[in-house]
Structures are given as C-alpha cells and as structure tokens.
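Only one structure is covered here, and it is reproduced in the block below.
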Amino acid sequence: MSHPAHERLTVDLLRPLEQTSWRFYLLVAFLGSIVAMGLGTWLYQMYMGFGMTGINMPVYWAFYITNFVFWIGISHAGTLISAILRLVNAGWRRPVTRCAEVITAFALMIGAMFPIIHLGRPWLFFWLVPYPNQRLIWPNFRSPLVWDFFAISTYLTGSLLFLFLPMIPDFALIRDRATGFRRRAYGLLSLGWRGTTTQWHRLETAMQIMAIAIIPVAVSVHTIVSFDFSMAPVPMWHSTMFGPYFVAGAIFSGIAGLIIAMASLRKFLHLERYLHPVHFENLGKLLLMMSLLWGYFIFAERLTTWFGNDVGEMNVFYVTQRGSFSPLYWTMVVCNLVIPFTILALRWLRTIAGCVVASFSVCIGMWLERFLIVVPSLSHKYLPYSWGHYRPRPVEIMITVATFAAMTLLYTLFSKFVPIISIWELKAGDHPSSELYPAAMHEHSLGETRA
Amino acid sequence: MSAVYGLYEDGDAAQIAVDALRAGGVYDNEIVVISSEPMEDYEFGAIDHRSRLWYVASAGGVLGCAGAVWLTRFTEIAWPLSTGNMPIVAWWPNLIVVFELTMLGAILSTVAALVVTGGLARRVPPLYDPAISTGKILVGVDSPRDRAAVERAILSAGSPVVVR
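Protein chains in written order, with the numbering used here: chain A, 1 to 451; chain S, 1 to 164.
Pasting the structure below:
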C-alpha cells in the first residue's frame, strides 16, 4: 500500500544506505586497522612458525579452538532463532530476523577460520576437502574434524541462502530507487525480482522449507563441534551430555550477541521506531531461560563428575573449582548465572540497558566457559607426568581481538549496503485489512501490546 | 507484443480490477499482479499459489543422502583406513556426513526451484513498472487476447491504462 507510514518506513530503513556520516568512516578505519593488525600477526605467525603461540605439549588446543567454539556458538543466534520465530509466525520477529541472520553468517565465517589458523600451515587446508586426488589420500570419515567440515559447510551455505532470499525484494526496492552503478549492482542482486503473486508464494514457501531444514542443521553443528571433544578419552570431555550442553551454550551466547547487535543498531542507526523495548524484553526472557538452562547443565556435569570420583576427572574438577583456573571458573559462573539472573529476573531491570549489560556479561562468561572446557582438561590428563601449563602469547591475543573487530566491521559494512531490517516483511506485518485475513493465519504478537 | 496494465493505490482497488478482468473473459493465468509486499489477505493473492517446492526439496534431500552414502562408502572402501577398531565402512560416523549432505541437498534444491519456478534471473525484461516500489499495485495482462476488454476492466477499477 502506498500509505504514508510505509513510505516513512522505507525512507527510515534506507537512510543508512543513502547517507554516510564521518563517524562511519572513522569507525571503519578504526576497526579496519585492528583487523589489518590481526592479519599481519597471522602472517607473522605463519612466517615464524607455530612456536610463537603458547601452545605446547600437552596443551595442543587453546585460544584458537576456544575462539572457534565461541564464534560457532555466537552463530547460533541468528538463523536458529529466526527460523524458529518464522515457523511459529511470531509477529515480533519481523524487525529482528535479519539482524540475527547476519550474525550467523559472519560469526560462522570467523569461527571457521580458526581451525585453519590453528593448522599452522593454512595453505594445506584443502587436504580436508573430500575429492578424488593424486595423493591417494582420502579424508577419514571417522574423524570429528571431517564432520566439522561437512557440518559447518552445510550450515554456512544454508545460513547465507536463508539470509539472502528475503533480501531479494529489498534489493529490488533499492534498485528501483537508485541510479547509475548502484542501480546495476542492486539489479544484479535482486535477480530480476518483480513481486508477482507467484514470486511471493514461492519465496514464502522456500523460506518455510529453509526454516525447517536449517533448525536441525543448526543443532547438529554445535553437537558436532562438541564431538570434537567428547569423542576423545580426555578427563571431563568424554561425556554424553556434551552435545546438548554445547547447543544450549551456543544458543545462550547467540542470544546475548543478538541483543548487543540490536542495541547498537538501534542507537547508531536511530531505529527506535522499529526496534522496540518489547523486542529486548522478549529476547531478555529467552536469555534468562537459557541462563537457567546453562546453570542446570553445569550443575549436572559437575555433580556427575564429583559423584563418579574418577581420579583423572577429579584432578580437572579441582583445578577449576579451587586450583589455578578457579578465578576464571568463578568469574564464568558469575557472568553466566549470577549477573544475568539478577538483571533479567527483575522486571524493572529488564530494560534495554539491563539486557545489554547482561548480554556483555554472558559473552564474557561463555568465552571463559569455552576456554575452561579446552585448556584445563588438556593440561591435566590422566597421567600426572604429562601435565603441563598454558599461557597465551601476544600473537594469540592479537588475533583474538582482531576477530571481534572483524565481526563489528563486517556488521557495520553490511548495514551500510543492505537494509538491516527487512522492509517488505515489516510492511507485510502491517495488514491494512485484517478482517479479510483468516483467523488461523493471524500472527502471534507476543508482548507487542506493551511496545 | 504489448502489455496493458493499471496501477492501483491499494489492495481493494486491485481486487476490483482483477475481478473486472475475470468478468471480461481473462483467465487467472493471464492476469499479472505485482506488488512490493505479499498480498495474502486478498483473494487475488492466492493466484498460482500451488507449487511443487516441497517435492523438489524432498527429492533434493534424497539425492544428497544417496550422494553421501556413495561418497562415504566408496571412500572407505577405496582407501581402507583402520581406525580405533572400527569397521572399514563405519555407519555410525558416516550417518553424520549423510545427514549433513541430505539437508544440503534439500536446501540447494529449494533455492534452485525458487529461481526456476519464480522466474528469477531471466534476461527478458518482463512486465514491470518502477512505481511498484512506491507502493502501487500493478494489475495487467501481458499480450492480451482482447485488448479492448482489458482496457475497459482496468479503467473500471479506477486507474488510467498504461500500454507498454
């Protein structure tokens, strides 16, 4: 409908694409320089060798694998949440889905880089790819690392397409309003979209199918990442609960990442009219639920280990509870349980600012959780003579910092070239003639009355 | 061949135009309705809503599954590696690869079917008007059999006739 509200919506959401302030260039330059430093550090590591890192016998996995698991976890925010909300036809999803799906795409790309960085010789990465070759070497399908390759490739492909398909009508909208090179570029991206009834039906059916397909893939990805650990006979790794524990943790950190991203977009792109406090409140409730679920998992894991009283496992148990890793362990518990529970359980604290504080706390806590899964177990294996220590070196810290900058940079650039909120979906949610709309198809507008 | 169409402000007017076209002897599969948002709450929004996308997705999944079974089994037999006392063709771990490639097959075939059946990525410039992006709804007929009847129907719904 060509009514003023829709025109204003279009103008508001296209403004970041059409106007660029000096702050944008400053931010891109700042983040870009950190990313460049990170790339330089990686090149330095390649040139000097893997000895530049703190990785040593027996701690062969450390910061890089921690980052790998963390970023794959963050990626769960987007596509999984978006797919679930699409399937249940939640009306409040409309301004949220694209913000979330973008996180998945970029977090997966960044996460998938870490096993390659960890290789030391990244140019040999293609040895993992299953194709007939003259080396007569085939990947071993019994290796969890090969499962990772298939799972992450599938999830990344699916997530990129899940992100791209609903962008097509918006690209067509920009194409029609643009001139010159921008018109040609967005024309290519819109794939000749017109908006016929057939195209709308096909797009919505395709999105339904994609949503159904992507949910089990998302769950499988983090389960398979957990298999990297649980398939190994290492103390406190070899556990059947690692799959669901990792999936819950991934969704937990993913929601936190989404809240931070949405709050930043709302503030810097002035999207207050579209990202309402109720969106943060709903996501805050989800975060609270996941915080409690995380607490349940950590309790179950700790109780089972303590009750089993296996010597090897108890060494890891005690080094984290009251040994050298205990400051990190208790910081993790405070960040993942105490702070989010305190803030999000109290309604008057469940504001946008409260949700953002809780989310930052969760991100820190979940990174520590990944670190505490990887390093204490490897440094305290079954035989005490093989125990070791790990201290991160500047190379690892710099690359880690650079990935956070890379995530922010990619997100910033994306929001500069693509409407970060789906314009057509917002318009479609504003049904002008709801009396014509079958009651069975009405959207579930959880909490929207408080917006 | 030319196209005849009108541009309407809202769905109600577009619905009147579609009904007038039908009354003028135009078949549903000849009527083109283009909008900048899905119009599911109007009757004309249901034109051509049946699709075989679900079947295509299922077929893609089956194809991906079959390919994965072949890849894992062929690889393990072609280059037998004894690992952890597992059989050479180890189905438990292979199921992970089979699952992922099944879903990948379903996803890729869905997108391919969308592109093909939705008429995307075509070179021929089709019936379109950039005013659609401003919220107008296009109702028209591409290469009408009875052009006069189509023009009467479009006019009766309150839009000037555009001929391209």
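C-beta atoms are modelled at their ideal positions from N, C-alpha and C, and glycine is treated no differently.
*Using a threshold of 7 angstroms, state whether the C-beta atoms of P87 (chain S) and A428 (chain A) are closer than that.*
Taking the first residue of the second sequence as position 1, residue 87 (chain S) is located at position 87. Taking the first residue of the first sequence as position 1, residue 428 (chain A) is located at position 428. Cβ distance not < 7 angstroms, so P87 (chain S) and A428 (chain A) don't count as in contact.
_Pairwise C-alpha distance: L286 (chain A) and M241 (chain A)_ = For the purposes of this step, residue 241 (chain A) is taken as the residue at position 241 of the first sequence. For the purposes of this step, residue 286 (chain A) is taken as the residue at position 286 of the first sequence. In a straight line, the C-alpha of M241 (chain A) is about 22 angstroms away from that of L286 (chain A).
_I need the straight-line Cα distance from A90 (chain A) to R183 (chain A), nearest angstrom please._
Here residue 90 (chain A) is taken as the residue at index 90 of the first sequence, counted from 1. Here residue 183 (chain A) is taken as the residue at index 183 of the first sequence, counted from 1. Near 33 angstroms, if we compare the C-alpha coordinates of R183 (chain A) and A90 (chain A).
*Spatial neighbours of P235 (chain A) within its chain, please: CB distance less than 8 angstroms, with the 5 preceding and 5 following residues excluded, ordered by chain position.*
The residue you call residue 235 (chain A) lines up with position 235 of the first sequence. Taken in chain order, the residues that qualify are D310, G312, E313, N315, V316, S377, H380, K381, Y382.
*Residue interval of the beta strand (DSSP E) (run including Y55 (chain S))*: For this step, residue 55 (chain S) is matched to residue 55 along the second sequence. Taken as a continuous stretch (DSSP letters only), Y55 (chain S) belongs to no beta strand (DSSP E), being part of the alpha helix (DSSP H) at 53-78.
*Cβ-based neighbour list, F68 (chain A), same chain, cut-off 7 angstroms, excluding 5 preceding and 5 following*: Residue numbering aside, residue 68 (chain A) sits at position 68 when the first sequence is read from its first letter. If we look at F68 (chain A) and ignore the five residues flanking it on each side, its Cβ neighbours are G111, F114, P115.
_Entirely enclosed alpha helix (DSSP H) segments - the stretch 215-280 of chain A, minimum 4 residues_ = 242-268
*asked:* Between F252 (chain A) and V88 (chain A), how many whole angstroms is the CB-CB distance? I'm expecting something under 8 angstroms.
replied: Position 252 of the first sequence, counted from the start, is the residue given in the question as residue 252 (chain A). Position 88 of the first sequence, counted from the start, is the residue given in the question as residue 88 (chain A). Not really, about 20 angstroms apart at Cβ, beyond 8 angstroms.
*Looking at A3 (chain S) and G140 (chain S), is the spacing between their C-beta atoms short of 7 angstroms?*
Position 140 of the second sequence, counted from the start, is the residue given in the question as residue 140 (chain S). Position 3 of the second sequence, counted from the start, is the residue given in the question as residue 3 (chain S). Going by C-beta atoms, G140 (chain S) is nearer than 7 angstroms to A3 (chain S).
*Leaving out the 5 sequence neighbours to the left and right, which residues in its chain are closer than 8 angstroms to F417 (chain A) when beta-carbon positions are compared?*
Numbered from its first residue, the first sequence carries residue 417 (chain A) at position 417. The answer, listed in chain order, is L17.
*asked:* Please classify S415 (chain A) as buried or exposed, where buried requires at least 16 neighbouring CB atoms within 10 angstroms.
replied: Start at 1 with the first residue of the first sequence, and residue 415 (chain A) comes out as number 415. Its Cβ being crowded by 16 or more others within 10 Å, S415 (chain A) is buried.
*Can you tell me the Cα-Cα spacing of L104 (chain S) and K267 (chain A), whole angstroms?*
Taking the first residue of the second sequence as position 1, residue 104 (chain S) is located at position 104. Taking the first residue of the first sequence as position 1, residue 267 (chain A) is located at position 267. Roughly 37 angstroms separates the two Cα atoms.
*Between P93 (chain S) and R142 (chain A), is the Cβ-Cβ spacing less than 7 angstroms?*
Working through the second sequence from its first residue, we reach residue 93 (chain S) at position 93. Working through the first sequence from its first residue, we reach residue 142 (chain A) at position 142. Yes. Within cutoff.
*asked:* Any C-beta of chain A within less than 7 angstroms: which residues of the stretch 49-61 of chain S qualify?
replied: H49, S51, L53, W54, A57
*Environment of M48 (chain A) [buried if 16+ CB atoms lie within 10 Å]*: Looking up residue 48 (chain A) in the first sequence gives position 48. So M48 (chain A) counts as exposed.
*asked:* Contact criterion: CB-CB distance below 7 angstroms. Does I215 (chain A) meet it with respect to chain S?
replied: As a first step, residue 215 (chain A) must be located in the first sequence, where it is residue number 215. I215 (chain A) does not count as touching chain S.
*Between F50 (chain A) and Y60 (chain A), what straight-line distance do the alpha-carbon atoms span, to the nearest angstrom?*
As a working mapping, residue 50 (chain A) is identified with position 50 in the first sequence. As a working mapping, residue 60 (chain A) is identified with position 60 in the first sequence. Going by the C-alpha atoms only, they are around 11 angstroms apart.
*With distances taken between CB atoms, is the gap from S51 (chain S) to T412 (chain A) smaller than 7 angstroms?*
As a position in the second sequence, residue 51 (chain S) is number 51, starting the count at 1. As a position in the first sequence, residue 412 (chain A) is number 412, starting the count at 1. No, the pair does not count as a contact, with Cβ atoms beyond the cut-off.
_Three-pair Cβ contact test at 8 angstroms for the stretch 19-38 of chain A versus the stretch 69-79 of chain A_ = no
*Whose C-alpha, out of A:F126, A:R15, A:F63, is nearest the C-alpha of E396 (chain A)?*
What you label residue 396 (chain A) is simply residue 396 of the first sequence in a count that begins at 1. Out of A:F126, A:R15, A:F63, A:F63 has the C-alpha closest to the C-alpha of E396 (chain A).
*Whole-Å CB distance - L283 (chain A) paired with C355 (chain A), under 8 angstroms assumed*: For the purposes of this step, residue 283 (chain A) is taken as residue 283 along the first sequence, with counting starting at 1. For the purposes of this step, residue 355 (chain A) is taken as residue 355 along the first sequence, with counting starting at 1. Rounded, the Cβ-Cβ distance is 7 angstroms, consistent with contact.
*Which same chain residues, not among the five before or five after A151 (chain A), have their C-beta less than 8 angstroms away from its C-beta?*
Here residue 151 (chain A) refers to the residue found at position 151 of the first sequence. Hits under 8 angstroms: V217, S220, V221, I224, V225.
*Could you tell me whether the Cβ of P80 (chain S) comes closer than 7 angstroms to any Cβ of chain A?*
As a first step, residue 80 (chain S) must be located in the second sequence, where it is residue number 80. Chain A, which has no Cβ nearer than 7 angstroms to the Cβ of P80 (chain S), makes this no.
*Taking the alpha carbon of Y44 (chain A) as the point to measure from, which residue in A:T403, A:I399, A:L409 has its own alpha carbon closest?*
Along the first sequence, one-based indexing puts residue 44 (chain A) at 44. Out of A:T403, A:I399, A:L409, A:I399 has the C-alpha closest to the C-alpha of Y44 (chain A).
*Would G192 (chain A) count as contacting chain S if we go by Cβ distances under 7 angstroms?*
The residue you call residue 192 (chain A) lines up with position 192 of the first sequence. Yes, G192 (chain A) lies at the interface with chain S (some Cβ there is under 7 angstroms from its Cβ).
*Closest Cβ-Cβ distance between D176 (chain A) and chain S: below 7 angstroms?*
As a working note, residue 176 (chain A) is residue 176 in the first sequence. Closer than 7 angstroms: yes.
_Whole-angstrom C-beta distance between S159 (chain A) and T97 (chain A), which should lie under 8 angstroms_ = What you label residue 97 (chain A) is simply residue 97 of the first sequence in a count that begins at 1. What you label residue 159 (chain A) is simply residue 159 of the first sequence in a count that begins at 1. Not really, about 12 angstroms apart at Cβ, beyond 8 angstroms.
*Under the assumption that M207 (chain A) contacts P166 (chain A) (Cβ atoms under 8 angstroms), give the Cβ distance between them as a whole number of angstroms.*
Along the first sequence, read from residue 1 onward, the residue named residue 207 (chain A) stands at position 207. Along the first sequence, read from residue 1 onward, the residue named residue 166 (chain A) stands at position 166. The Cβ separation is near 6 angstroms, so the contact holds.
_I need the straight-line Cα distance from V32 (chain S) to A211 (chain A), nearest angstrom please._
Taking the first residue of the second sequence as 1, we reach residue 32 (chain S) at position 32. Taking the first residue of the first sequence as 1, we reach residue 211 (chain A) at position 211. Using only the alpha carbons, I get a separation of about 29 angstroms.
*Have a look at A:L119, A:V102, A:V374 and flag the residue whose alpha-carbon is nearest the alpha-carbon of L265 (chain A).*
The residue you call residue 265 (chain A) lines up with position 265 of the first sequence. Comparing Cα positions, the closest option is A:V102.
*asked:* Can you check whether the C-beta of S35 (chain S) is within less than 7 angstroms of a C-beta belonging to chain A?
replied: In the second sequence, residue 35 (chain S) corresponds to position 35, counting from 1. Output row for S35 (chain S): interface = yes.
*Can you have a look at Q15 (chain S) and say buried or exposed, based on whether 16 or more other CB atoms are within 10 angstroms of its CB?*
Translated into positions along the second sequence, residue 15 (chain S) becomes position 15. That one is buried.
_Would T154 (chain A) and E100 (chain S) qualify as a contact pair, given that the criterion is a beta-carbon distance under 7 angstroms?_
Taking the first residue of the first sequence as 1, we reach residue 154 (chain A) at position 154. Taking the first residue of the second sequence as 1, we reach residue 100 (chain S) at position 100. Yes, Cβ-Cβ distance for T154 (chain A) and E100 (chain S) is below 7 angstroms.
*Using 7 angstroms as the limit for Cβ to Cβ distance, is W127 (chain A) near chain S?*
The residue given as residue 127 (chain A) occupies position 127 in the first sequence. No, because no Cβ of chain S sits closer than 7 angstroms to the Cβ of W127 (chain A).
*Could you spell out where the alpha helix (DSSP H) holding I116 (chain A) opens and where it closes?*
In the first sequence, the residue the question calls residue 116 (chain A) occupies position 116. Where I116 (chain A) is concerned, the enclosing alpha helix (DSSP H) stretches over 97-119.
*For L7 (chain S), three-class secondary structure by DSSP*: Stepping through the second sequence from its first residue, residue 7 (chain S) is reached at position 7. Three-state DSSP puts L7 (chain S) in a strand.
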